[in-house]
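Trainee: Counting from 1, position 289 in the sequence shown corresponds to residue 297 in the numbering used here; the numbering is continuous, with no gaps.
Ideal placement from N, C-alpha and C gives every residue a C-beta, glycine not left out.
Please read all numbers here as calculations on a predicted model, not as lab measurements.
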Amino acid sequence: MPNYRKPWAEPYKIKVVEPLKVTTREYREEKMKEAGYNTFLLRSVDVYIDLLTDSGTTAMSDYQWAGMMLGDEAYAGSKNFYYLEDNVKKYYGYKYLVPTHQGRAAEHLLSKVMIKQGDYVPGNMYFTTTRLHQELAGGTFVDVIIDEAHDPSSHHPFKGNVDLQKVEGLIKKVGANKIPYICVAGTVNMAGGQPQSMENMKALRKLADKHGLKIMLDATRAVENAYFVKDREAGYANKTIEEILLEYCSLSDGCTMSGKKDLLVNIGGFVAVNDEHLFDELRNLVVVYEGLHTYGGLAGRDMEAMARGIEECVNYDHIRSRVEQVRYFGQKLLDAGVPIVEPAGGHAIFLDAKRFYEHIPQDQLPAQALAADLYIESGVRAMERGIVSAGRNKETGENNFPKLELVRLTFPRRVYTQAHLDVAAWHVEDLFEKRHKAKGLKFIYEPQYLRFFQAKFERLD
Ligand code: F0G
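1. CYS257: which of LYS98, GLN72, ASP438 and TYR83 sits nearest, CA to CA?
2. Out of GLU81, GLY354, ILE318 and PHE451, which has the shortest C-alpha to C-alpha gap to ARG335?
3. For PHE337, count neighbouring C-beta atoms within 10 Å of its own C-beta (all shown protein chains included) and say buried if the count is 16 or more, exposed if not.
4. Can you check whether the CB of ARG229 is closer than 8 Å to the CB of LYS269?
5. Does ARG422 get closer than 8 Å to chain B when you measure Cβ to Cβ?
6. Assuming VAL106 and HIS285 form a contact by the criterion Cβ under 8 Å, report the distance between their Cβ atoms to the nearest whole angstrom.
7. Let me check you understand the geometry: is the CB of ASP381 closer than 7 Å to at least one non-hydrogen atom of the ligand F0G?
8. If you draw a straight line from the C-alpha of ALA432 to the C-alpha of THR425, how long is it?
9. Mind checking GLU312: buried by the 16 CB within 10 Å criterion, or exposed?
10. Let me know if ILE318 comes out buried or exposed under the rule of 16 or more other beta-carbons within 10 Å of its beta-carbon.
11. Is the beta carbon of HIS163 sitting closer than 8 Å to the one on LYS411?
12. Check whether the segment 319-326 and the segment 287-301 touch, using three or more Cβ-Cβ pairs below 8 Å as the test.
13. Since ASP283 contacts MET224 with CB under 8 Å, what's their CB separation in whole angstroms?
14. Would you check if there are 3 or more beta carbon pairs closer than 8 Å linking the segment 369-384 to the segment 347-361?
15. Just to confirm, does LYS120 get its C-beta within under 7 Å of one of the non-hydrogen atoms of the ligand F0G?
16. Measuring CB atoms only, is the segment 81-89 touching the segment 413-424, in the sense that at least three cross pairs come out at less than 8 Å?
17. What is the rounded straight-line gap between the Cα of LEU254 and the Cα of ALA307?
18. Is it right to say GLU34 is buried, meaning 16 or more other beta carbons lie within 10 angstroms of its own, or is it exposed?
19. How is the beta strand (DSSP E) around PHE451 delimited, first residue to last?
20. Could you tell me which of LEU118, GLU250, GLU207 and LEU439 sits nearest to LEU293, measuring between CA atoms?
21. In three-state DSSP terms, what is TYR104?
22. Using a Cβ-Cβ cutoff of less than 6 Å, which residues in the same chain neighbour GLY147 once the five nearest sequence positions on both sides are dropped?
23. Taking TYR102 as the reference, give the member of LEU92, GLY111 and GLY183 with the closest Cα.
And the structure:
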């Protein structure tokens, strides 16, 4: 027996390659300045290793690409829609499906149909687009995640859990009739890709039933959540990912989905529900904003690729390698003393910018500065998830000051090898050693909605 730990490897081999461009530091300094120190405004050809997002950045399989040729591009009743509908029923368990072009379109429809002016929507931490659609529909988002989720050094195994007392408190305060649904995500993106336990979801279901409330799941990364449940929760080690996913979804009344994550496609999403009346309203509204209810803004081939992606993403070897790749990267940084959100999440490693750039106060946008510096030093592209992403208070117009000030390094599925991760980790460690030289940023342009996408900044001296 060799005396090192048993290695694991990516459960695929590479059939098509896309060359990467290596640039100089001077070149990147110039490009970052041009992009207003916002990594969203860089051109991707100028990026070496792109860890901006895991959204739509997947490498599709040969099985999915083959399916693209079977696109039935009919305006109505495409066969790919029925295949997708069958797979959503089979793997997620929901009765009715309305496809959309991506996740936020599903959130738009659901929010419009379910939320009234003056409503409150409790959720286990906000996601940017989810909260915005809830607010645009007249609702107020209320964070009901457990306190540990806001503490980057807490090792709680299920930091995505809902704090039931916070939900009860809200029901007492505003009344159940002001709560159209409880919005639950597993895993929780903004908390660091942290999972929710099945036990917590079961308890929430009980509470919701007691008050006649619905639970709507953001199932975007529910397969990653299922992997964590299998890995960490008592009683689930011998269950399959399929079984865990079905059980988890059965505790909700419906879901919104960005297929660009778990489902291994470059575009696509859906909203799925069990209530026929609700389905009727969603199906009616999708025609206004997306397209007919059997394509929802997608080509037939996109629905085919997504239906096939559902089958692939619940495969244990796939999901294990996906999540373990992220853990591997996180462990490297931890070993080097780099402050990250612990434990490692399902889709990303989040640098804790408050500890990384200790000397930069939050109103000088330390996470935004850190993401910009990482690109300049290495060509690795990451994303701010802190005060810039948190936006302004809807009533007062003041900046929200989130407890978490993070930089997200997000891993596309099946795209990068462990060697790429080694290179990226080396650069983060190198930057950490030079951290004392770093300077903050200030806004020079701030859009009204989801400002992090298009804002521009300038360096502070
Ligand atoms: N819900 C979650 C949990 C998400 O992470 C996202 C997107 C959405 C909904 C919206 O879906 O992009 O298809 O419209 N997250 C991407 C990210 C943008 O980079 O985290 P979408």
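Mentor: For this structure:
1. If we check each option's Cα against that of CYS257, LYS98 comes out closest.
2. The candidate whose alpha carbon is nearest that of ARG335 is GLY354.
3. Around the C-beta of PHE337, 16 or more other C-beta atoms lie within 10 Å, and the residue is accordingly described as buried.
4. LYS269 is a Cβ neighbour of ARG229, given a cutoff of 8 Å.
5. Of the chains in the structure shown, none is chain B; there is only one protein chain.
6. No, VAL106 and HIS285 are not in contact; Cβ-Cβ is about 14 Å, not under 8 Å.
7. Not one heavy atom of the ligand F0G falls within 7 Å of the beta-carbon of ASP381.
8. About 11 Å.
9. The residue in question, GLU312, is buried, as its Cβ has 16 or more Cβ neighbours within 10 Å.
10. Buried, by the Cβ-count rule.
11. Result no, Cβ atoms of HIS163 and LYS411 do not sit closer than 8 Å.
12. With a cut-off of 8 Å, the segment 287-301 and the segment 319-326 do not count as touching, because too few Cβ pairs lie within range.
13. The Cβ separation is near 11 Å, so there is no contact.
14. Per the Cβ contact rule, the segment 369-384 is in contact with the segment 347-361 (3 or more Cβ pairs under 8 Å).
15. Placement of the Cβ of LYS120 at a distance of 7 Å or more from every heavy atom of the ligand F0G is found.
16. Three or more Cβ pairs closer than 8 Å define a contact, and the segment 81-89 falls short of that threshold against the segment 413-424.
17. Approximately 27 Å, taken between the alpha carbons.
18. Answer is exposed; the Cβ neighbour count stays below 16.
19. Counted as a single uninterrupted DSSP element, the beta strand (DSSP E) harbouring PHE451 occupies residues 449-453.
20. The option with the nearest alpha carbon to LEU293 is LEU118.
21. The answer is strand: DSSP assigns TYR104 an E or B state.
22. Cβ within range, chain order: ILE123, ASP127 and VAL129.
23. Minimum Cα distance to TYR102 is reached at LEU92.
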